[in-house]
Structures are given as structure tokens and as C-alpha cells.
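Going line by line, the protein sequences match chains A and B.
The opening position of the first sequence corresponds to residue 1 in the numbering used here, with each subsequent residue numbered one higher.
The opening position of the second sequence corresponds to residue 1001 in the numbering used here, with each subsequent residue numbered one higher.
Where a beta carbon is used, it is the ideal one built from N, C-alpha and C, also for glycine.
First up is the structure itself, then whatever we jot down about it.
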Amino acid sequence: MIMAAKRDSQLLDPEFMAKLDQLSLVSRKIFASKLRGERLSKRRGDSAEFADYRNYVVGDDLRYLDWNIYARLERLFIKLFQQEEDLHVSLLVDVSKSMDWGDPNKGLYTRRIAAAIAYIGLVNFDRVSVYAYSNGLQYELVGVRGRRLMFKVIEFLNKVEYGGPSNLAAAGKQFAIRHPQQGIVLLLSDFFEKDGYEEGLRYLLARKYDVYTVQVLSPEEIDPPLVGDLRLMDVEDDDTAEVTVSRALLNRYKRNLEAYCGGLREYCTRRGINYFFTSSEVPFDQVVLSYFRNRGLLK
Amino acid sequence: MSFLSPMAIAIAAAATIPPLVALYFLKLKRDVRLVPSTLLWKRAVEDLHVNSPFQRLRRSLLLLLQLLVLIAAAIALGKPMLQTTESHLDTVIILIDQSASMNVVEADGRSRLERAKEQAKRCVDNLGDDARAMVIAFCDRATVVSSFDTDRAALKRKIDSVEPTDSSSTLGEAMSLAEAYTQNIIIGGDEAGADKPPDSTAPPASVFLFTDGRVQDSEHVALQKFALDKISVTNVARRSDNVGIIAMDARRDYERPEILEVAATVENFGPEPVTVDAVLYIDGQNVDVQTVRLEAAFEKVEDDSARPPRPAENRMGIIAFDDIEFGGSGVVEVVLRIDDALSTDDRAWTVIEEPKSVRLLLVTAGNMFLESILSSLEIEMVLMTPAEYERAPDDALQDGQHSTFDVVMMDRHSTERLPRGNYMFWGGVPLIEGVAAGRVIEDEVIFNWDETHPLLRHVAVETLQVYEWLKLDLPPEAVSIVDGETSSVIALLARDASQYLISAFSLIVDDEEAGGPMVNTYWPTTVDFVVFVQNSVQYLAGNAAAVGRRSIRPGDPVILPIPKRTRQVKIHRPDGVTESLSAAGYETLHYARTRRVGTYRAEPGLRGRDVFAVNLFNTVESRIEPAEALTLGAQSVEARAGTIEVNNPAWRYLLLAALVFLLVEWVIYNRRVFV
């Protein structure tokens, strides 16, 4: 029996956090935000970085007149600067019962990734929101900003309880309603959705989020160590399946798993969603430091 | 397949199969394992179901295998028997042919009798637990080898004790014996020791007949007690190649008695033409060799017509050894140099005595025919009238108790004065016990005669016509040679070392109407009469002085004269056995253990009469080809070739199957464990 990971496991160690200090999140899209942040926006704003000129019209702030131009040309021009905006980074973490599974534990693994991404976001003054969902959103930590609030994120992630069935559609819908700001959405799940993952992902796509999906499976799911006549019981909904595990059945299972993951990847790729697959066996720092960087999420 | 104890199957199946099924479902109370999601598992299982229609079967394969094991074991407990046509028989009679043709050595090196005994023992093995069997061996007579017995080992020992003979085979006596025995089965009374009377409602007996189908009298077998469908004939015969001597004769030349002529008739009974060498031995010395070519027994049928093949004309040949110079007495033997199936008929023997002059006394009141014919023979003849004979002193007629003449011929004279010797009566009888002459018979014809008898050798009895003869009253041991409609015309009687050849008619009768002697028959004017007189004199005067002594058939009794005051006689048989017989007070010895062919010698014996030969000379036995059907009475019973099928206990194979099933189950189980 695969034991659930200890609740108080350390999500991030200081050495790893030091490495993360060097990284920042990259969004392939530039989003508008209410608060000014550390990122350049398409909107002209009041950062120190010059962008363009335009003719003065009555009512403009006289502080932005370019007096040098006026002296030379005797015409009034307003200096326009790039507006810097903050980046919304939302982490959607699957905390359904099935995630509290595997050796190494999938839940711990996804929380660690979430913590690392959240840390990178906080270090770069991004606005970080963490949502834990199972059958709908269960826990949320909204709009945290700044490195000093990292403890809140750690606390939040340590606090979540695993339980209930996974319902991405409900969670996606709630998230889309509550979180109108565009930004990066990182979805961490095993994507074993009995009703399908498509609807949930469609809600995220509709809001034009920059969506990253990370599918985490335990080694026991990739290569099940089962033999004999078994009654398999789903931890989430107590659904049972009577199987006589044979080589043929195992091969069939593996082919089905491959097809399922392939289907998810294709679904995501076609819709501009970045898809990662990882086993909880792969060291999570490797996933964060090299895998995500290679795929362009981090720089 | 049937079952000796079918209830055992039901009990075993009821006791084991429901618990197994129950245990199977208990055993399939599957271990519960938690998995993150059954999503993919369900899909995989569904996929497999779609792809493999036998998946459901596969799931319960172990149950199926275990059920098969149980079923096989349950059936095995029912004592299943394969080919059980012979089981559940209450009364079985086993008839084993031990006749000469059963000595044929078949291709596998075993004789037909050995094969028949083996088949019979298989038949015994097939007996049900409560069945009883009796064993009868038959040749020219039937012998109860074992009366009804349920002990199989004892029955098989008795079957083993059946010995080969060279006799002919007659089934009638054996069948009568079997019927008699089945009618008198004592089933056992209600109380200890109380026997039931013969029960006519005794269960019908089954008869198993082991033979090669060469049965002489099968068509005359009358079945009263046995249903034909209860008779099973097992034919043990395969080979049909045989060449045999069917007749043999040795004769001294009439004018030169020291010259011997030997003739043997040889017949080919096989399907192929043969060339065979016949070797003549006299007293074991090789004397001459002749070669004869014989065609196949039957003509080849060219087309496939159903017409039975005709016997070939040249299947028989006569081998003649002429001008053999041999003046003494001895055993003449003809041997065929051929390796055929039956060796019994490849040899024939006859005993020849040294030529001697015969002293004959003719007692007649005057008979032209006899006087002239006898005087023409090379014999020493003395003539007496009946009155002279009766008046003659004892010294003139007898030496001790024996006659001084080799042959005494009485013409129309019946007398009591008969010292031991050889007598021939014409129109009279010896006045001894059991023999009497009755009324005169007229207007009857002669219609039957034993043409094989040496007295009728070369005699055509068809020409014999007699006007009248005396009705003879003869004792049962008398042998009739020529028969009229109501009585014997010519008969031979042997008693107390004397032989009496009695002709009921005389050659001449006194006719009162004619007032003188009249001819009673014209026979004396024919050559046949001359030959008959010659035969009679030679036969009576020592049987074989000039002619090879008549050989007897296997099983026939023989009368041997023995010297006076002999206490014990040893008989040296051809199979090497010497029998000692008590002979105190007897002058002759009746010997009947002549089942094997060859020469028999009595010791001590009368010189010249101490050796006799037994020859097969039986075309029925020599024709060894397998008979496809045996006609019993008016109906034909198909002869089952091959072997009796034995009740082989089948439970071994079923238990073996159970083991194999268990092994397969074990392998499958282990494969599943280590996927």
C-alpha cells in the first residue's frame, strides 16, 4: 500500500530557493492589470522607460511635457512611457483524493512544484494566487505579492486536505468566474477525470489565460504492480472494477494510459496550452530547473 | 463405455462438484486494492473483452479445469469399462477347438490353439464379478476341461491345460455337453447345503467358441438351449497355405512279394501352386525321393463376379514309389519336404510286414467259385467238408487255444467250434454270444458300404446284387461293411483275439423248386469278387502281410493282441511318452489314446502286430483356410476374426487426465502470478 506523504514534509529547502531566486516567470502573452507591477505593459504608463511622443492636448499632465522639444520646435509634445504592470500567476492544484497517492506521493510532488513556481513569482513581484480544487475549488489564496509573503503560500500548501473526487470542469468554471485577470495559469493534476478534462480546460481557454498543464502520475500508475484476481476500488468515488490481472490486461492498460496522455497532450497543443508530463519519480527540482526552463515557462 | 458402478459417479459428483463451485466463488472473492482511478482499468478490461471473446471463459478457466478433474475422477470411481460387450454375463461357456487344424502355426509363430487359449483367457478376464464359466475342449470328442467356476485364475489354468490333438473336430458333442451343463446349474438353495433342482429358467448362457472354423459337423449341430445371438465365434485362423498327405498305401507286388509299392495322395490346400518333394523312409532309412507339382487349391477368378472359385483340377497329385526292394517288416513313412502351416499332415506312416505264405482252411460242401478263386491265390489251402470239420480232432485244428490256420473260411456252415483265429463265413454265422442269423431277406437292395475299409479296397460294390441273405443279429461292437436296407450284409466282428468276417449271403443257395444249387449272386463272375476275396484273406491273415496295415485316424481306438501271461504293456507314443498299462488276464488290449499322429509301439507285443500307425488323412482338417462364418444348424454365425476385446479398466486414463488437468492448472496459475 502506498502511503500518503507526510503532511509536514518540507516543500522547499533554502538551497533550492536560492537557485530559484535567479529565475522569473515568462508569459507568452502581455496582460493588462490594475496594479502597476514590474513588467512592461502594452499600455503606456509612467515607468522610467520611454516609449513614444504624442501631441499635447488640453488636460494632459504638464509634468510629462518635453520641454527640450518645445525649445527646439516650439511645439508641445507629451513624452509617453511604457507602463509597467504586475503579472498574475495562478496555480491550480488538484487536491482530489487520487492525488494523495503514489510513492513518491503525487500530492507532495505537485505542491512542491506549486511552491517553487509561487516563490519565483513572489520574488519577481508577480501577483500569485494559489487555488486547490477537487470537486470545485476548495482552498484559495488570492493575490499574494512579494517575497516576504512566501510563508503564506507555504502555509496554504501545507494546510490543504486531500479528499473528494476530481472535477476539473467545476473548478475551471469557478476559477474563470473569480479570476478575470489574465495571466499565467499553472494547472497541476493527474487529469484522471471521469467526466473528461476538456470542459474544464475550455473555461480556462475562454479567459485567454496563458495556461500551463502539468500532468503528474506516480510510478504505480505508469507500471501497476498488481497481480491476481482483484477488485480495484477507486479511492475517489468507491467505484470498483473486477480485474484478473494478466499480461494482456497490463499491456492493454499501458496502451490505454499512453493513449490517454497522448490525447491530453494533443488537446492542449492544438489549443495553445503548454503540456508537461512527469512522473513523481522524476526529481521535482529537475523538473523546475531544467524542464520548465527548456519549455519556456521560466527564464 | 459402460460402468460397473454407476451410482458411484452420482455420489462422487454430488459430493464434490457443488462444494468445488462454491469454493471457487469463495476463492474468487477478490482482494480489494485501492487505486487512484479505475478509469483506465475499466477501459482496459472492456478493451480486452472486446478483443477476446473467450475472456469470460478464460476467467473461469480454472474452475473449468477443476470441474474436469472432478468429473474425470468421479467417472473413474464408476469403474468405467471400455468395450464391455462381454460383461454382465451370468453363465459363460467357452468352447476351445483342439483339433488337428488348430496346430497350424500362424505368422506370429504361435499355433492356432495357443491363440485360441489366449483369446479364451481374455474372455475369462472379461467376466463380470458374478459370472461363472465352464471350459470345454473339443476335437472328435468333447472334454469338460473345467466345470462351472467363478475363479478366474483357476479357469485360466484349466484353459492352459488344453493340449493339442491331431483329431478331427466335431462340435455337436461339445454343444450337447454345454447344453446339458447349463440345464443343470445348481444356483444354491435358500438354506446352507440345499441345492435347487435344475432350473429351467436359468439365465441363458453365452457361448464363446474359439475355433478356426474347420468343424466337420457344424451343419448338423442342433441348438436347443442356446440362442444363436448368444453364440460368439472367434476365428483365430489366418494362414491358408498347406500341403498335406490325404491318403497313403503300401503294397507288396503280388508276384514278387519282396518288392514294395508305396503310393501317397497329396493335395494342395493353399492359394499358391507348389512344388513339393516327398521322401520315402523305411524304418527311418531314406529310400527314395519324388517331386510333384500341385496347382493352387482354387482356380483364379479373373473377373470380380461373386461366383465362388472352383476347386482346381490339379490341386491333387499321387506320388508313387515303385520297385522298392524290401522283404522285411517295418514302418514305411512318407515325408513332404515343405514348410507349410500345418506339419501334422506332412507325414504319413504305414506298417508293412514281411511276406509270408497264408494257410487257409476252406470248409465247404462244395463251392466252385471259392475253390477256384482260392486255389488261384498264392496260399496254402486245405479243404474240408463241414462234417469233416466238426469231426476233426483238436490237434488238426488248433495249437493250444489258437487255430493252426491263418484263415478259416466257412461256406454255409455255422459252428461253435471256433478256436482263436480268423474266420470268414459265407451264408452262416459263428455261434458265439450276441451273433445270430435270422430269417431270410429277399427283395432288398444293398445301398450303403464303407468304401474306405481295406476289405473293399479296389472293390466296386455297386455291381453287387444278391437275391437273398440272412438277417444278421450282431453285437454293437461289430462293424458293418456293407449294409442292406434293414440289416448288415457284410460285417466284421473282433472278439477275444479272434476276427469274424461274416457275409450274410452265400454264393450258392439250395433251391427246392429248382431241385439243386442255384447261384445266389453273379458277383463271383466279376473281378471285384476276386479282389474282395484276396482282400479278405490278406486282411484276416495278419492284416498287413502283403498290404500296408490299415492305419487308424487320430482318436480311434485300436485293439492290440498281446502275448499270454503279460502283466504290463508299455505303449511308446510318437510324442515320446511311454505309457504303462496293466494287462493281467487279458489277451487283447484296447487302446484309445491315439490323439497324435505317428507310429505307436506296444512292448511286449505280438510280432508283426505290435506297431500301428495313426495318420491324419482328413481333408477337412487339412484345409486350414479361415472360415468367415460358421454354420450352426441351419443358421450361419459370423466368425469374428481378430481378438476378443478385453475389459480394460479405463480409470487409469481418467486419473491420468486428472493429473494433466491439475498440472495445466498449476502452470496457468503460476504464469499468472509471475506476469
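query: Any idea what DSSP makes of Ala1174 of chain B, helix, strand or coil?; result: helix
query: Go ahead and label Leu1228 of chain B buried or exposed: buried means 16 or more other beta carbons lie within 10 angstroms of its beta carbon, across all protein chains shown.; result: exposed
query: Report the start-end ranges of each alpha helix (DSSP H) in the stretch 1371–1428 of chain B that is 4 residues or longer and not cut off at the edges.; result: 1386–1391, 1394–1397
query: Given a cut-off of 8 Å on the beta-carbon distance, is the pair Ala1100 of chain B and Ser1206 of chain B in contact?; result: no
query: Here's the rule: buried if 16 or more other CB atoms are within 10 angstroms of the residue's CB, otherwise exposed. What is Met1410 of chain B?; result: buried
query: Determine the chain C residues that contact Glu266 of chain A at a beta-carbon separation under 8 Å, and present them in chain order.; result: Any reference to chain C falls outside this structure, whose protein chains are A and B.
query: For Ser1536 of chain B, which of B:Val1335, B:Thr1578, B:Leu1418, B:Leu1492 has the nearest alpha-carbon?; result: B:Leu1492
query: Count the CB pairs spanning the stretch 192–210 of chain A and the stretch 158–169 of chain A that are closer than 8 Å, and state whether there are at least three.; result: yes
query: Round the Cβ separation of Val1489 of chain B and Ala1504 of chain B to the nearest angstrom and send it over; I've been treating them as touching at under 8 Å.; result: 5 Å
query: By DSSP, does Ser305 of chain A sit in helix, in strand, or in coil?; result: Nothing in the structure corresponds to residue 305 of chain A, since chain A is present only between 1 and 299.
query: Is the shortest distance between the beta-carbon of Val1045 of chain B and the beta-carbons of chain A less than 8 Å?; result: yes
query: Between the stretch 246–263 of chain A and chain B, which residues of the former have a C-beta closer than 7 Å to a C-beta of the latter?; result: Ser246, Arg247, Ala248, Leu249, Leu250, Arg252, Tyr253, Asn256, Leu257, Tyr260
query: Whole beta strand (DSSP E) runs in the stretch 55–120 of chain A with 3 or more residues, listed along the chain?; result: 77–85, 88–94
query: I'd like to know if the stretch 1346–1366 of chain B and the stretch 1244–1262 of chain B are in contact, where contact means that at least 3 CB-CB pairs between them fall below 8 Å.; result: yes
query: What are the residues that DSSP puts in a beta bridge with Met1248 of chain B?; result: B:Ala1264
query: For chain A, check one thing: does any of its Cβ atoms lie closer than 8 Å to the Cβ of Val1021 of chain B?; result: no
query: Name the chain A residues that come within less than 9 Å of Trp1666 of chain B, Cβ to Cβ?; result: Result: empty, since nearest Cβ-Cβ is about 15 Å, beyond 9 Å.
query: Tell me whether Leu1431 of chain B is buried or exposed, calling it buried when 16 or more other Cβ atoms sit within 10 Å of its Cβ.; result: exposed
query: Is the Cβ of Phe192 of chain A closer than 8 Å to any Cβ of chain B?; result: yes
query: Sorted by chain position, which residues of the same chain lie with C-beta nearer than 7 Å to Ala1544 of chain B's C-beta, five sequence neighbours on each side aside?; result: At Ala1544 of chain B the pLDDT is 41, less than 50, meaning the model places this residue with poor confidence; the figure from the coordinates comes in the next sentence. Contacts found: Val1351, Ile1352, Glu1353.
query: Assign His1220 of chain B to one of three DSSP states: helix, strand, or coil.; result: helix
query: Leu301 of chain A to Val185 of chain A, Cα distance in whole Å?; result: Summary: the structure shown does not reach residue 301 of chain A, with chain A confined to residues 1 through 299, and so no result is reported for it.
query: Excluding five sequence neighbours on each side, which residues of the same chain lie with their C-beta closer than 6 Å to the C-beta of Asp1288 of chain B?; result: Leu1280, Phe1321
query: Note down, in chain order, all residues in the stretch 219–237 of chain A with a beta-carbon under 9 Å from any beta-carbon belonging to chain B.; result: Glu220, Glu221, Pro224, Leu226, Val227, Gly228, Asp229, Leu230, Arg231, Leu232, Met233, Asp234, Val235, Glu236, Asp237
query: Run through the DSSP bridge pairs and tell me what Pro1626 of chain B is partnered with.; result: For Pro1626 of chain B, which the question treats as bridged, DSSP gives no partner whatsoever.
query: Can you tell me where the beta strand (DSSP E) holding Glu1333 of chain B begins and where it ends?; result: 1330–1337
query: Taking all protein chains shown into account, do 16 or more other C-beta atoms lie within 10 angstroms of the C-beta of Val144 of chain A, making it buried, or fewer, making it exposed?; result: buried
query: What separation, rounded to the nearest whole angstrom, lies between the Cα atoms of Glu976 of chain B and Arg1417 of chain B?; result: Residue 976 of chain B is absent from the structure shown; chain B starts at 1001 and stops at 1675.
query: Using the rule of at least 16 other Cβ atoms within 10 Å of the residue's Cβ for burial, across every protein chain shown, is Val1292 of chain B buried or exposed?; result: buried
query: Should Leu1064 of chain B be flagged as near chain A, meaning a C-beta pair shorter than 8 Å?; result: no
query: On the three-state DSSP scale, how would you describe Arg1553 of chain B?; result: coil
query: Verify the CB distance criterion: does Asp94 of chain A have a CB-CB separation below 8 Å to chain B?; result: no
query: Between the alpha carbons of Thr1182 of chain B and Gly1172 of chain B, how many angstroms are there, rounded?; result: 15 Å
query: I'd like the list of long-range same chain contacts for Ala1074 of chain B, defined as Cβ closer than 6 Å, with 5 residues on each side in sequence excluded.; result: Ile1009, Ala1012, Ala1013
query: Is Gly200 of chain A helix, strand or coil when you go by DSSP?; result: helix
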